[in-house]
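Here's the structure, in structure tokens; my notes come after.
Number of protein chains: 2
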Amino acid sequence: MANKNVISLDKIKVACRDCSLSSLCLPMGLRPDDVDRLDAIVKRNRPLQRGDHLLRAGEGFRNLYVVKTGAVKTFTQTNEGDEQVVGFHLPGEVLGLDAIQDGHHGCSARALETTAICELPFDRLEDLSSNIPSLQHQMFRLLSKEISHEAEMMALLGRSSAEERVASFLLSLSERFRRRGFSATDFFLSMSRQEIGSYLGLALETVSRLFTRFQDEGVLKVERKHVQILDLERLGGMVSHPVNSERHRANPTN
Amino acid sequence: MANKNVISLDKIKVACRDCSLSSLCLPMGLRPDDVDRLDAIVKRNRPLQRGDHLLRAGEGFRNLYVVKTGAVKTFTQTNEGDEQVVGFHLPGEVLGLDAIQDGHHGCSARALETTAICELPFDRLEDLSSNIPSLQHQMFRLLSKEISHEAEMMALLGRSSAEERVASFLLSLSERFRRRGFSATDFFLSMSRQEIGSYLGLALETVSRLFTRFQDEGVLKVERKHVQILDLERLGGMVSHPVNSERHRANPTN
DNA sequence: TCTCTACTTTGATTCAGATCAACTGATAGA
DNA sequence: TCTATCAGTTGATCTGAATCAAAGTAGAGA
């Protein structure tokens, strides 16, 4: 009963109050008893394997999903049949926020690696939010954060060079890993060059070439999925709108 | 007392319940008495003139703003000092949603023409949302809609040609005017080629050339700010992800 | 009325990144 | 083990849109 499988299953089913992500996730800023009320509506199913669909575009909206471990990509299909990657989601990040609007998911989602998910029935989450003002506030913040992030991404896609996009992408991953307690400078990419390119509006060859160039310049060490950032400073210098610019705003009077 | 000025001032100060935008705006789906409670927290100041700032990036977050009449652009400053347009806002559309997140506005906003604004103190809106479940729901939908819209925009910027971007932009305006009771095929642009280009990630010359080309092809008639869409069908055919694709989803099983 | 200025159009040239193509290396399955 | 397949790298070429440049046009203000 205390064998490895059971332990790892327990780990997946860990309650919000005991979850290491709680400070990044919805429970952030909630009182412990409110966290327990939130926890009571969370469903935790068995993990997804790499390539498994979490949801499909067009599907009816029931739940929000939070990545607990692993990684998920969201994407849409273009007319020509190939996929357009819309986002990569790491532990503590929420999926499905775009579906509240009209009751249908606009994106499909697939696991990029073995992935555990917390499922939040939205109707119950709404009820709970009505009753817990700090949860409502947290929901508004969550949605707003997504809006900010996407606006930043639009600016990146609208005006930046390929170099800037790839640098920005790596910095974003680095920062997100760091906040999750992983190394900010040594990590594995769970997505392919193709998927990175699709996300950044670049050809996969361009992504590959830039990885090679950054390596030649001594900024990175890349070997397939394994990335080491050797010069975080210089990588940051390549980006005009620094990632999380809202945290380091220099001149608030604009 | 019944002279023109007073009448037009009254028009600006019209209550939510009497506002023609209520079906597009926050009151959408609220019971009449709840609309009145919402109305009670709305502040309506004197209109902005073209070029007036509604808010500046970095400013502390107090209010959400709804365009009542006119048009507003939101934008950020790039390192090089020139502006990056983030969005254009027509009557009934809400500004400032990105600021809930960390209490600071990430974008500046300026009136593109004479513009009336409804101001919503966010703390009071939050209180009200706690007490009116349908308002909370409407807020979630509003935020979600913004997320959907930005995701669509990211896809456009990530994969589309200049032709597709400009066509998509015109279709989006057309549809938004239509829903506000204006002509879908004959309207004035309140923004410059420069601003359109910045928004679409294109040079202003490219925007101008495409307007000319669409005109040569008989799809449009453009004279400076005045646009007439002669062949809405053909314009739509240029766009791979049709605007409002979520409303016309052909194959929900992805 | 006549500037002045800002916006727009149009043409010529350049260039970043896409596309096409070939090859390498890793992984999985027979 | 061998082989098929797929992800990634690298090189050559092409092209759509940026940039540079010049001229036309409308509207604001004197």
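The listed protein sequences derive, respectively, from chains A and B. If you're matching positions, the first sequence starts at 1 in the numbering used here and goes up one per residue. If you're matching positions, the second sequence starts at 1 in the numbering used here and goes up one per residue. Note that CB positions come from ideal geometry on N, CA and C, so glycine has one too.
Measuring only the C-alpha atoms, how far is residue i from residue j?
i	j	result
A:Ala203	A:Gly106	24 angstroms
A:Phe187	B:Arg234	48 angstroms
A:Leu38	B:Gln101	21 angstroms
A:Ser183	A:Arg50	23 angstroms
B:Ala57	B:Arg110	11 angstroms
B:Asn79	A:Gly181	31 angstroms
A:Arg213	B:Gly103	39 angstroms
B:Met154	A:Ser208	22 angstroms
A:Ser198	B:Arg46	46 angstroms
B:Val219	B:Glu113	27 angstroms
B:Ala162	B:Phe211	11 angstroms
B:Ala71	B:Leu21	14 angstroms
B:Arg179	B:Lys221	22 angstroms
A:Leu48	B:Ser160	32 angstroms
B:Thr206	B:Leu200	10 angstroms
A:Glu164	A:Ser108	27 angstroms
B:Gly236	B:Glu59	39 angstroms
B:Gln215	A:Glu217	48 angstroms
B:Glu64	B:His53	This sequence places Leu at residue 64 of chain B; Glu is not what is there. Cα to Cα, the separation comes out at about 15 angstroms.
B:Cys19	A:Leu232	53 angstroms
A:Asp82	A:Ser192	15 angstroms
A:Asp123	A:Lys68	21 angstroms
B:Val86	A:Thr76	22 angstroms
B:Thr185	B:Lys13	30 angstroms
B:Ile132	B:Leu90	26 angstroms
A:Leu171	A:Gln228	12 angstroms
A:Glu175	B:Glu175	39 angstroms
A:Leu230	A:Ala15	37 angstroms
Can you have a look at residue i and say buried or exposed, based on whether 16 or more other CB atoms are within 10 angstroms of its CB?
i	result
A:Thr259	In the structure as shown, chain A starts at 1 and stops at 254, and residue 259 of chain A therefore has no counterpart that could be examined.
A:Phe88	buried
A:Pro27	buried
A:Ser190	buried
B:Thr74	buried
B:Gln84	buried
A:Glu223	exposed
B:His149	buried
A:Ala40	exposed
B:Lys225	exposed
B:Ser136	Rather than Ser, the amino acid found at residue 136 of chain B in this sequence is Gln. When all chains shown are included, B:Gln136 counts as buried.
Check whether the Cβ atoms of residue i and residue j sit closer than 8 angstroms, and answer yes or no.
i	j	result
A:Leu95	B:Gly158	no
A:Ala167	A:Val239	yes
B:Ala99	B:Phe61	yes
A:Phe177	A:Ile196	no
A:Ser130	B:Ser130	yes
B:Gly92	B:Leu24	yes
B:Ile147	A:Glu146	yes
B:Gln194	B:Leu30	no
B:Leu97	B:Leu55	no
A:Val42	A:Cys118	yes
B:Pro32	B:Arg44	no
B:Val66	B:Leu128	no
Mind checking who residue i pairs with in its DSSP beta bridge?
i	result
A:Gly60	A:His104
A:Leu48	A:Thr115
A:Gly338	Since the first residue of chain A shown is 1 and the last is 254, residue 338 of chain A is not available in this structure.
A:Lys43	A:Glu119
B:Val94	B:Val66
A:Ala109	A:Leu55, A:Thr74
Q | alpha helix (DSSP H) segments (min. 4 residues) lying fully within the region 197-234 of chain B | A | 204-216
(Q) My parser needs the beta strand (DSSP E) runs of 3 or more residues fully inside the region 142-194 of chain A; what are they? (A) If we require 3 residues or more, the beta strand (DSSP E) runs fully inside the region 142-194 of chain A come out as 186-188.
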